[in-house]
Structures are given as structure tokens and as C-alpha cells.
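Undergrad: Mind having a look at this structure? Questions to follow.
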Ligand SMILES: [Cu+2]
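In the numbering used here, the protein residues as written are 50 to 260.
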């Protein structure tokens, strides 16, 4: 039974989500030896905002030591979830405590304001970089991650929640578990598969025992 259930996991829709990096042309970028800020925005309001609702000034630390308590992870951040009001201006100071480069990248922002829908800070090893952006006016949850190879898979994955958000993302340390279910499967699909397997087993048993 266990073997059957394990072999069915791929069919049940456990898999990986991949952020869209298909359109990285046309970014506005500022570069200094400490790192890079891409698509910074201090004062252009998103179309659904009449004014800046609130200013936030936040510090995010990144480094291997923050992954020490997260099973199976190598890289971590001290903050995996940031909550802000819709139409807020958010200043992030990203502090990289490792020797390798790390990024703090938000996806899903409006394309008319942020090329490829992203805002991105990159800090070289041992450096801190500050950047500012303005979130739109709707309640939404945005993916935050580091795009260096394997860093997201190894722990650098978080979420930015504007207002009440649009639900937690999967595999955010301390927030949600590592698997997600495809939208076309009902929430009770595991139970359904188990019942079908038990039914099949009992039918086979009955057929074999039939005189
Ligand atoms: Cu990284």
C-alpha cells in the first residue's frame, strides 16, 4: 500500500514552481562595488494608488547561519515574510553575511512600472545594499527569492504580503510546507486515492476467495 501511494505522488501533482525570468531586458539598474539595485522606484505611484499609504524601512539579513534551524537548507534569511500595506513605499536594506553573492528579488509587480515585474537587490559577500520600491494597491502575496543557482531551493525563498495577501506561497520557511497541490485536484484527493486503493484491494481479495 505504501509503495502504491508513493508511486502515485507525481500523479497527484507535487512539483516545483519556477519564477518567470524570461524578460530581463530594459531594467533600470544602479551598480556599486557592494552590489546592484534593479528597477528602483521612489516616487512613481502604481495606477491603483492615489498616494503613498505608508513608508517602511526594513532590514533583511541573509546568510548560511540563518538556515541552521531549517532542515535540509543551506542558505537562509532572518525574515521570510514581510507584511506591508497596499500602496506602501518599501525601503529594504539587504545585508549579506556570507562570502558568496545573494539577492533579494520580488516577482509579480506590475510590468508597466517594473520591467519583467521585478524589483531586485543584489549584495556581494559581506556587503549591504539598500533599495526602494512601491507596492500596488491590491491585496496580494509576492514571491521573494534569491536567484543565484540553487539558492532558492536551498532556503532563500520568502513572501511579501501586501494587505491581506492572496494566500501563502508554498515552501516558505516557518510559514508553509514544502509541497503544493495542483489547483485542479480537490483538497481531499489523498483521501480519495486511499479509498480507491482500499476498495481495489478488497475487491481483489473477494475475487480470489470466491469459491
Ligand atoms: Cu543567495
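The C-beta atom is built at its ideal place from N, Cα and C for all residues, glycine as well.
How big is the Cα-Cα spacing for residue 178 and residue 207?
TA: 18 angstroms
Undergrad: CB-CB under 8 angstroms to residue 83, same chain, minus the five flanking residues each way: which ones, in chain order?
TA: Within the same chain, 172, 173, 176, 177 and 178 come within 8 angstroms of residue 83 by CB-CB distance, once the 5 residues on both sides are set aside.
Undergrad: Measuring CA to CA, which of 123, 164 and 140 is closest to residue 149?
TA: 123
Undergrad: Between which residues of its own chain and residue 155 is the CB-CB distance below 8 angstroms, once the five residues before and five after are set aside?
TA: Hits under 8 angstroms: 167, 168, 169, 182, 191, 192, 193 and 209.
Undergrad: For residue 104, which residues in the same chain have their Cβ closer than 6 angstroms to its Cβ, ignoring the five residues on either side in sequence?
TA: 138
Undergrad: Provide the residue span of the beta strand (DSSP E) that contains residue 182, from first to last.
TA: 177–183
Undergrad: What is the DSSP secondary structure of residue 153, counted as helix, strand or coil?
TA: strand
Undergrad: Nearest-angstrom Cα distance between residue 231 and residue 219?
TA: Residue confidence for residue 231 is low, a pLDDT of 49 falling below 50, so the modelled location carries little weight; the figure read from the coordinates is stated next. If you take the alpha carbons of residue 231 and residue 219, they lie about 11 angstroms apart.
Undergrad: What three-state label does DSSP hand residue 247 in the structure shown?
TA: helix
Undergrad: Just the C-alpha distance for residue 217 and residue 227, rounded to the nearest angstrom, thanks.
TA: 12 angstroms
Undergrad: CB residue 187 to CB residue 135, shorter than 9 angstroms?
TA: yes
Undergrad: Please confirm whether residue 146 and residue 111 have their CB atoms less than 9 angstroms apart.
TA: yes
Undergrad: Have a look at 253, 203, 130 and 251 and flag the residue whose alpha-carbon is nearest the alpha-carbon of residue 108.
TA: The shortest C-alpha separation from residue 108 is found at 130.
Undergrad: Between the Cα of residue 114 and the Cα atoms of 203, 259, 245 and 214, which residue gives the shortest distance?
TA: 203
Undergrad: Tell me whether the beta-carbon of residue 185 lies closer than 9 angstroms to the beta-carbon of residue 81.
TA: no
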